[in-house]
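Enquirer: Protein chains in written order, with the working numbering: chain A, 163 to 418; chain B, 163 to 418.
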DNA sequence: TCATTAGAGTGAACGGCGTTAGCTAAATGA
DNA sequence: TCATTTAGCTAACGCCGTTCACTCTAATGA
């Protein structure tokens, strides 16, 4: 019998979850040792102690497994980042953004192969919006990696929007640093459509959006370059990254 | 007979070169259509009209072929960039740097798949120096892609160093924009070792090196993000890129 | 309790892949 | 002319992802 009157996971479901975890663990191990292209379904089956065909009971294809892996990695990254941010109080947006920036880099560098897989995956490389829509009502037809990466970037984006609101409340209308350059109507609209939805119902002003995207680009550039080994520094990377971030904050007129 | 008294390429050599070109063309076509992982040696052989094994007369392995491809792409990129820079006179370092920045981006975006292959290739992702040595005496033990990418980055680096010399001659000691943040001895030394060799015999001052690397990171970040589709803008990318570059130059205190 | 059923796993096969070894025939150069 | 180099072939090896038909077992419902 072993019926399931309590509504919890059945014995079969538990076994299944366990096997899935085992498969993913083996895949991740291969990823770390051999890189994205070194992952082999047959090798996973061998390690798990099962026939290759058996894996198809759990994943539709190798590709589906890799996508699932990527999503897990994003969850891990998002979890780490969120935790680090929560070490500072909710009002301290600046400190929380710094925590995000630092944790993002730390995770990527500490999990190079995983990060490599995440960004090099054909679909869903971190688009900052999905058809201009917000994340809340996730559309069905969008690949999950894009959604995850959106969620990740919004983690910092919301903090930035909060920072803006706070600054506005205190009387400062525009962000510090160099003035916003002139742009066409079309670009202005697109920028605000793409990034303006971090706060519900209230679009973030253009100069702030531009400031945010500029900062994002620098962080992304730094992290990708470090992961791919093309930074101009090899041994003092930690200090270099920190210096770059600090210089960036100063550029934007933020005391540090 | 068809002997080769003139010392030029023999008939066989010409045929060989032609076949190699044909193979590379087919590989590139597959790269563009299917992406880096879609390139198949057997498919190339099929298209060239030859047995898979025959290709091994021309390349040691598929990997070797891809490396050769990457080098060709770098040559193409470097050629385009150099040509664009030479539209401005040798003394106009600022304009030449702008040409470099713009052409770099244009090539990467116009050849996404090629660029993808170049940066995602395991070894040699654009390290900015090789053991601190200069490019002139290219060491044997370094993979060719690294060398090519070094050559590419030096194209802009030399111009930047020239810009510094010119500024110094005119009396300005430090670069414009925000002041150089304080860094440790070790980081300072590494930065100068890695990037200071653009001008023979004369190390570029630290603030200038820092300025250059900061700019490089922003350009690289922009280009990679655009190539991978993770820019916050999709339709007005040209204008966005230009705006970002202009804003960056302004940050560094350069009139535009 | 017992027949039914859904799920997990197997084994064999298909077609494709990169790569190697040994062969043949043609072009080359003395 | 003749030895040598070279391009190409065939066949095979051991991987790979994926599919299909099959078995066995454990949970299910009357």
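Heads up, the beta-carbon is just placed ideally off N, CA and C, and yes, glycines get one too.
Here the structure is a predicted model, which is why all the values come from computation and not from measurement.
1) Is there at least one Cβ from chain B nearer than 8 Å to residue 412 (chain A)'s Cβ?
2) Where does residue 333 (chain B) land, buried or exposed, given buried means 16+ other C-beta within 10 angstroms?
3) Does the beta-carbon distance from residue 195 (chain B) to residue 258 (chain B) come in below 8 Å?
4) Are any of the Cβ atoms in chain B nearer than 8 Å to that of residue 405 (chain A)?
5) Would you mind telling me which residues of chain B sit closer than 8 Å to residue 397 (chain A), beta carbon to beta carbon, in chain order?
6) Hey, out of A:393, A:409, A:173 and A:416, whose CA is closest to residue 271 (chain A)'s CA?
7) Check whether the stretch 203-215 of chain B touches the stretch 244-254 of chain B, taking contact to mean three or more Cβ pairs, one atom from each stretch, closer than 8 Å.
8) Judging by CA-CA distance, which residue of B:305, B:252 and B:216 is the nearest neighbour of residue 232 (chain B)?
9) Closest Cβ-Cβ distance between residue 307 (chain A) and chain B: below 8 Å?
10) How would you call residue 352 (chain B), buried or exposed, if buried means at least 16 neighbouring beta carbons within 10 angstroms?
11) In chain A, what lies closer than 8 Å to residue 386 (chain B) by C-beta?
12) Are the Cβ atoms of residue 365 (chain A) and residue 342 (chain A) separated by less than 8 Å?
13) So is residue 252 (chain A) buried or exposed if we call it buried at 16+ other beta carbons inside 10 Å?
14) Just tell me which of B:183, B:230 and B:274 has its CA closest to the CA of residue 308 (chain B).
15) Can you list, in chain order, the residues of its chain whose CB lies under 7 Å from that of residue 286 (chain A), leaving out five sequence neighbours each side?
16) Please report the straight-line C-alpha distance between residue 295 (chain A) and residue 256 (chain A), rounded to a whole angstrom.
17) Hey, quick one: how far does the alpha helix (DSSP H) through residue 234 (chain A) stretch, first residue to last?
18) Near residue 240 (chain B), what residues of its chain come up, given a Cβ to Cβ distance below 7 Å and the 5 sequence neighbours on each side ignored?
19) Could you tell me how far apart the beta carbons of residue 266 (chain A) and residue 381 (chain A) are, in whole angstroms, since I believe they sit closer than 8 Å?
20) Would you say residue 282 (chain A) faces chain B, with C-beta separation under 8 Å as the test?
21) Chain A beta carbons: is any one of them nearer than 8 Å to that of residue 343 (chain B)?
22) With DSSP as the reference, label residue 400 (chain A) as helix, strand or coil.
23) Please determine, among B:206, B:415, B:401 and B:217, the residue with the shortest C-alpha to C-alpha distance to residue 264 (chain B).
24) Starting from residue 181 (chain A), follow the alpha helix (DSSP H) in both directions and report where the run begins and ends.
25) My output table needs one value for residue 345 (chain B): the three-state DSSP class, helix, strand or coil.
26) By the three-class DSSP mapping on this structure, what secondary structure does residue 409 (chain A) have?
27) Hey, is residue 318 (chain A)'s beta-carbon within less than 8 Å of any beta-carbon in chain B?
28) Under 8 Å, Cβ to Cβ, is there at least one residue of chain B near residue 328 (chain A)?
29) Quick one, are the C-beta atoms of residue 107 (chain A) and residue 324 (chain A) less than 8 Å apart?
30) Would you list, in chain order, the members of the stretch 179-210 of chain B that have their beta-carbon closer than 8 Å to a beta-carbon of chain A?
31) With a CB to CB cut of under 8 Å and the five nearest residues on each side skipped, what residues in its chain are close to residue 282 (chain B)?
32) Using a beta-carbon distance below 8 Å, is residue 401 (chain B) in contact with chain A?
33) Enumerate in chain order the residues of its own chain whose CB-to-CB distance from residue 236 (chain A) is below 8 Å, with the five nearest sequence positions on each side excluded.
34) Within a Cβ cutoff of 8 Å, which residues of the same chain sit near residue 189 (chain B), ignoring the five residues on either side of it in sequence?
35) Between which two residues does the alpha helix (DSSP H) containing residue 338 (chain B) stretch?
36) What are the boundary residues of the alpha helix (DSSP H) that residue 215 (chain A) is part of?
Expert: In this structure, then:
1) Chain B contact via Cβ: present.
2) With fewer than 16 Cβ atoms within 10 Å of its Cβ, residue 333 (chain B) is classed as exposed.
3) Taking the C-beta atoms as reference points, residue 258 (chain B) is found no nearer than 8 Å to residue 195 (chain B).
4) Yes, its Cβ sits closer than 8 Å to a Cβ of chain B.
5) Chain B residues near residue 397 (chain A): 348 and 352.
6) Ranked by how close their Cα comes to the Cα of residue 271 (chain A), the residues A:393, A:409, A:173 and A:416 have A:393 in first place.
7) Three or more Cβ pairs closer than 8 Å define a contact, and the stretch 203-215 of chain B falls short of that threshold against the stretch 244-254 of chain B.
8) Considering only alpha carbons, the answer is B:305.
9) No, no contact with chain B.
10) Burial call: buried.
11) Per Cβ cutoff of 8 Å: 382, 383 and 386.
12) With respect to residue 342 (chain A), residue 365 (chain A) sits apart: the two C-beta atoms are not nearer than 8 Å.
13) Label assigned to residue 252 (chain A): exposed.
14) Nearest C-alpha to residue 308 (chain B): B:230.
15) Confidence is the limiting factor: at residue 286 (chain A) the pLDDT is only 49, short of 50, which leaves the residue's position unreliable, though a coordinate-based value still follows. Exclusion of the five residues before and after residue 286 (chain A) leaves 305, 307, 308 and 311 as the residues of its chain whose Cβ lies within less than 7 Å of its Cβ.
16) Only weak support is given to the placement of residue 295 (chain A): the predicted model assigns it a pLDDT of 49, under 50, and the value that follows is read from those uncertain coordinates. In a straight line, the C-alpha of residue 295 (chain A) is about 26 Å away from that of residue 256 (chain A).
17) For residue 234 (chain A), the enclosing alpha helix (DSSP H) stretches over residues 224-247.
18) Answer for residue 240 (chain B): 313, 314 and 317, listed in chain order.
19) Sure, about 7 Å apart at Cβ, within 8 Å.
20) Judged by the 8 Å Cβ criterion, residue 282 (chain A) is in contact with chain B.
21) It does; some Cβ of chain A falls within 8 Å.
22) It is helical.
23) The residue with the shortest Cα to Cα distance from residue 264 (chain B) is B:401.
24) Where residue 181 (chain A) is concerned, the enclosing alpha helix (DSSP H) stretches over 173-196.
25) Three-state DSSP puts residue 345 (chain B) in coil, outside helix and strand.
26) Helix at residue 409 (chain A).
27) Residue-level contact by beta carbon fails for residue 318 (chain A) and chain B, as no gap is shorter than 8 Å.
28) Not a single C-beta of chain B is nearer than 8 Å to the C-beta of residue 328 (chain A).
29) This structure does not reach residue 107 (chain A), given that chain A is present from 163 up to 418, and the question cannot be answered.
30) Along the stretch 179-210 of chain B, the positions whose C-beta sits under 8 Å from a C-beta of chain A are 197 and 199, read in chain order.
31) Apart from the 5 residues on each side of it in sequence, residue 282 (chain B) sits with its Cβ closer than 8 Å to the Cβ of 198 in its chain, given in chain order.
32) Taking Cβ atoms only, chain A reaches closer than 8 Å to residue 401 (chain B), which makes this a yes.
33) Excluding residues within five positions, the ones whose Cβ falls inside 8 Å are 280, 307, 310, 311, 313 and 314.
34) Answer for residue 189 (chain B): 201, 206, 227, 228 and 231, listed in chain order.
35) That residue, residue 338 (chain B), is in no alpha helix (DSSP H); it is neither H nor E in DSSP.
36) Unbroken run through residue 215 (chain A): none, as it is neither H nor E.
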